[in-house]
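A short write-up of the structure that comes next.
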Amino acid sequence: MAVIPIAEPQRKSSPPPKGFGLFALGFRPFYLLAASLAVLFVPLWLMTTLGKPIVSPALPPLLWHGHEMIFGFACAVIIGFLLTAARNWTGLPTPSGLRLAALAALWLLARIALLTQPLATGATLDLLFLPLAAVMLAVPLFRAGNQRNYFVLGVLAALTLSNLAFYAAVTGRLAISPLNVLHVSVAVIATLTTVIAGRIVPSFTANALKTVPRKQARVDQLAIASTAIALLLWASDVQGPVAASVALLAAVSQIWRCLGWRPGPTWRVPLLWILHLSHGWLIVALLATASAASGLPGGAVVLHVLTVGLISGLILSMITRTTLGHTGRLLKAGPIETSAFMLLQGALLARVLPPLIAPELYRIGLMVSGTAWALCFVLYLIRYAPMLVTPRIDGREG
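Under my numbering, the residue at position 32 of the sequence shown is numbered 1351, and the numbers go up by one with no gaps.
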């Protein structure tokens, strides 16, 4: 996959942009919507766990929370990212204006319907979103013959099937646990993130620090393939020596792969260390998976190391970076961004460590973690919402 080119703007200062730019390019509405969902839905979930529900979703509360974090939050960012990237991959326009607004409205209606309407209504709207987004993405990819990136359509198809299977499981039409389906969806997204990370993290690091990443195509292939298999085995509750061996192989190959990206000097640059650290949590998840598959402790932390550490970390880092770059601003993180990055690490530790120390700390850890996680995106919105709704400061399209 070609990376989204994000060059440093030539002008360091410009007059404040005028006008409305929310639907100029795919990342704008979907980053704004995803961050808003994070700020609203996690507190709603926390209130439910305290026995003080504010809303009554069509799904059982735990399933609603898991589903909306995956198919609401994460998928919104994925679609925003891909619609933005496809324009750079192909040189062709991607949806903007009314078409982009309609797609964003469909996503929003699905979220509202799952909170306020019967399940059939919410599920129908929700199941339309990813296929429609995939069609909008496929048009420029096929027109340009951009075969290198056709695989993202396969990822969207897999997520669509997972979403369909989830609703079938919830309604009793499929004899499988809905939680297992959600775990499969997490595995698919985690695999996508490690593919994308392998194509942007070395490049961004080399460009910023003038380092030379190690050439390691075969290591990349081994790491990605073994990670995908290990996570699918985890999602399917497969244990035993084979599952443990695959997870351990994935962890070792990912360690070697990540070292080739030259992470050492990045600690001075928040926009870089958050990328390396977030992807590093994948290694922790794989080691925990190997431990659990061997009958040892570790299985309890895998889900949230993947969802909070890996996926949320890379999401927060990329929605920060791409918003800066694609609105014509300097790629530099200030105190707000750095605080959000550090707060996210605290959210992860608060989620996974207290239950390991003492089971009675679970509720406290959940409250602290959820609050910290939501605050990360409050900080993002404070800093970046104005950028998302106004035109680029350099006068270019997008």
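A virtual CB, placed ideally from N, CA and C, is assigned to each residue, including glycine.
Note that the coordinates shown come from a computational prediction; the quantities given were computed from them, not determined experimentally.
Point to revise | Whole runs of the alpha helix (DSSP H) within the stretch 1525–1612, excluding any shorter than 4 residues | key: 1536–1554, 1560–1578, 1589–1612
Self-check item: Separation of L1478 from A1619, as counted between CA atoms
Solution: Taking the sequence shown and counting its residues from 1, the one referred to as residue 1619 is at position 300. Taking the sequence shown and counting its residues from 1, the one referred to as residue 1478 is at position 159. Distance between the alpha carbons of A1619 and L1478 is about 24 angstroms.
*Whole-angstrom distance between R1492 and M1388, CA atom to CA atom*: The count along the sequence shown starts at 1 and reaches residue 1388 at position 69. The count along the sequence shown starts at 1 and reaches residue 1492 at position 173. Going by the C-alpha atoms only, they are around 23 angstroms apart.
| request: Determine the direct distance from the alpha carbon of A1704 to that of P1351, and round the result to whole angstroms. | output: The residue you call residue 1351 lines up with position 32 of the sequence shown. The residue you call residue 1704 lines up with position 385 of the sequence shown. Reading off the sequence, residue 1351 comes out as Leu, not Pro. Cα to Cα, L1351 sits roughly 7 angstroms from A1704.
_Within 8 angstroms, do at least three Cβ pairs link the stretch 1647–1655 to the stretch 1565–1583?_
no
Practice prompt. State whether the stretch 1585–1599 contacts the stretch 1534–1547, with contact taken as three or more CB pairs (one from each stretch) at a distance under 8 angstroms.
Written response: no
| field | Length of the line joining the Cα atoms of G1441 and K1534 | value | Looking up residue 1441 in the sequence shown gives position 122. Looking up residue 1534 in the sequence shown gives position 215. Approximately 46 angstroms between the Cα atoms of the pair.
_Which of the three DSSP states is assigned to S1332 in this structure?_
The residue labelled residue 1332 in the question sits at position 13 within the sequence shown. At S1332 the pLDDT is 49, less than 50, meaning the model places this residue with poor confidence and gives no usable figure here.
Notebook entry, point to check: Quick one: Cα of I1655 to Cα of M1637, how far?
Noted result: Translated into positions along the sequence shown, residue 1655 becomes position 336. Translated into positions along the sequence shown, residue 1637 becomes position 318. The straight-line gap from Cα to Cα measures roughly 15 angstroms.
inquiry  = Considering only their Cβ atoms, is the gap separating A1429 from L1449 smaller than 7 angstroms?
reply    = Residue mapping note: residue 1449 aligns to position 130 of the sequence shown, counting from 1. Residue mapping note: residue 1429 aligns to position 110 of the sequence shown, counting from 1. Contact flag unset, no.
For this session: Would you kindly report the start and end of the unbroken alpha helix (DSSP H) that includes F1660?
Result: Locating residue 1660 in the sequence shown gives position 341, counting from the first residue. Segment 1654–1676, the alpha helix (DSSP H) holding F1660.
- Query: Where are the alpha helix (DSSP H) runs, 4 residues long or more, that stay fully inside the stretch 1399–1469, in chain order?
  - Reply: 1416–1435, 1438–1463
- Message: Given this structure, state the Cα-to-Cα distance separating N1407 from T1368, to the nearest angstrom.
- Response: The residue given as residue 1407 occupies position 88 in the sequence shown. The residue given as residue 1368 occupies position 49 in the sequence shown. About 43 angstroms.
Unbroken alpha helix (DSSP H) run spanning V1374, endpoints
Along the sequence shown, one-based indexing puts residue 1374 at 55. Per DSSP, V1374 belongs to no alpha helix (DSSP H) and is neither H nor E.
Verify whether the separation of the beta carbon atoms of F1342 and L1419 is less than 7 angstroms.
Numbered from its first residue, the sequence shown carries residue 1342 at position 23. Numbered from its first residue, the sequence shown carries residue 1419 at position 100. In this structure, L1419 lies closer than 7 angstroms to F1342 by Cβ.
Kindly indicate which three-state DSSP category P1705 falls into: helix, strand or coil?
If you number the sequence shown from 1, residue 1705 lands on position 386. Three-state result, P1705: helix.
*Which whole-angstrom value is the C-beta distance of L1633 and T1512, which I expect to be below 8 angstroms?*
The residue you call residue 1633 lines up with position 314 of the sequence shown. The residue you call residue 1512 lines up with position 193 of the sequence shown. The pair is a contact, with the Cβ atoms about 5 angstroms apart (cut-off 8 angstroms).
**Report entry** Cβ-Cβ distance between N1459 and T1409 below 7 angstroms
**Finding:** Indexing the sequence shown from 1 puts residue 1459 at position 140. Indexing the sequence shown from 1 puts residue 1409 at position 90. Before going on, a small fix: residue 1459 reads as Pro here, not Asn. A contact, by the Cβ cut-off of 7 angstroms.
request  = State buried or exposed for T1626, treating a residue as buried only when at least 16 other CB atoms are found within 10 Å of its CB.
outcome  = Numbered from 1 along the sequence shown, position 307 holds the residue referred to as residue 1626. Under this definition T1626 is a buried residue.
**For L1411 and S1332, the rounded distance between their alpha carbons** = Here residue 1332 corresponds to residue number 13 of the sequence shown, with the count starting at 1. Here residue 1411 corresponds to residue number 92 of the sequence shown, with the count starting at 1. Its pLDDT being 49, under 50, S1332 is placed unreliably by the model, and the measurement read from it follows with that caveat. Going from the Cα of S1332 to the Cα of L1411 covers about 29 angstroms.
**Prompt:** Taking the alpha carbon of I1562 as the point to measure from, which residue in L1605, P1348, P1380, T1639 has its own alpha carbon closest?
**Reply:** Translated into the one-based positions of the sequence shown, residue 1562 becomes position 243. The displayed chain sequence assigns Ala, not Ile, to residue 1562. Among L1605, P1348, P1380, T1639, the Cα nearest to that of A1562 belongs to L1605.
Check your understanding: Short check: CB of L1680 to CB of P1673, under 7 angstroms?
Key -> On the sequence shown, position 361 is the one that residue 1680 refers to. On the sequence shown, position 354 is the one that residue 1673 refers to. Against a cut-off of 7 angstroms, the Cβ pair of P1673 and L1680 comes out as a contact.
(Q) Using only the alpha-carbon positions, how far apart do E1716 and M1366 sit? (A) Numbered from 1 along the sequence shown, position 397 holds the residue referred to as residue 1716. Numbered from 1 along the sequence shown, position 47 holds the residue referred to as residue 1366. Those two C-alpha atoms are separated by around 42 angstroms.
- Task: Answer yes if the stretch 1563–1581 comes into contact with the stretch 1486–1504, meaning at least three C-beta pairs across the two stretches below 8 angstroms, and no otherwise.
- Result: no
Quick one: measure Cβ to Cβ for P1437 and A1487, integer angstroms, because I've assumed they're closer than 8 angstroms. Position 118 of the sequence shown, counted from the first residue, corresponds to residue 1437. Position 168 of the sequence shown, counted from the first residue, corresponds to residue 1487. Not quite, the Cβ-Cβ distance comes to about 16 angstroms (not below 8 angstroms), so this is no contact.
Note to self: Taking its Cβ as the centre, do 16 or more other Cβ atoms sit within 10 Å of Q1540, making it buried, or is it exposed?
What the structure shows: Against the sequence shown, residue 1540 aligns to sequence position 221. Under this definition Q1540 is an exposed residue.
Would the beta-carbon of V1396 fall within 7 angstroms of that of F1696? As a working note, residue 1396 is residue 77 in the sequence shown. As a working note, residue 1696 is residue 377 in the sequence shown. Taking 7 angstroms as the Cβ cut-off, V1396 and F1696 do not qualify as a contacting pair.
Just tell me which of S1572, L1472, N1499, L1643 has its CA closest to the CA of A1405. Here residue 1405 refers to the residue found at position 86 when the sequence shown is read from its first residue. The shortest C-alpha separation from A1405 is found at L1472.
Within 7 angstroms, strictly: CB atoms of R1347 and L1567:
Reading the sequence shown from its first residue, position 28 is the one you call residue 1347. Reading the sequence shown from its first residue, position 248 is the one you call residue 1567. No. Outside cutoff.
Other residues of its chain near G1338: CB distance less than 8 angstroms, five sequence neighbours each side excluded: Here residue 1338 refers to the residue found at position 19 of the sequence shown. Cβ within range, chain order: T1709, P1710.
Let me make sure I understand the geometry here. Which of A1453, L1528, S1415, F1390 has the alpha-carbon closest to that of F1485?
Numbered from 1 along the sequence shown, position 166 holds the residue referred to as residue 1485. Among A1453, L1528, S1415, F1390, the Cα nearest to that of F1485 belongs to F1390.
According to the neighbour-count rule (16 or more other Cβ atoms, all chains shown, within 10 Å of its Cβ), is P1328 buried or exposed? Locating residue 1328 in the sequence shown gives position 9, where the first residue counts as 1. Legend: pLDDT at P1328 = 45, less than 50; position of this residue unreliable, value from coordinates given subsequently. Its Cβ being crowded by 16 or more others within 10 Å, P1328 is buried.
Please state whether the Cβ-Cβ distance between L1475 and A1453 is less than 7 angstroms. What you label residue 1475 is simply residue 156 of the sequence shown in a count that begins at 1. What you label residue 1453 is simply residue 134 of the sequence shown in a count that begins at 1. Closer than 7 angstroms, so yes.
Original post:
DSSP three-state call for L1629: helix, strand or coil?
Top reply: Walking along the sequence shown from the start, residue 1629 turns up at place 310. L1629 falls in the helix class under three-state DSSP.
### Message
Would R1670 and H1598 qualify as a contact pair, given that the criterion is a beta-carbon distance under 7 angstroms?
### Response
For the purposes of this step, residue 1670 is taken as residue 351 along the sequence shown, with counting starting at 1. For the purposes of this step, residue 1598 is taken as residue 279 along the sequence shown, with counting starting at 1. Contact flag unset, no.
- Task: Compare the C-alpha of A1542 against each of V1565, T1530, R1467 and name the closest.
- Result: In the sequence shown, counting from the first residue as 1, residue 1542 sits at position 223. Residue V1565 is the option with its Cα nearest to A1542.
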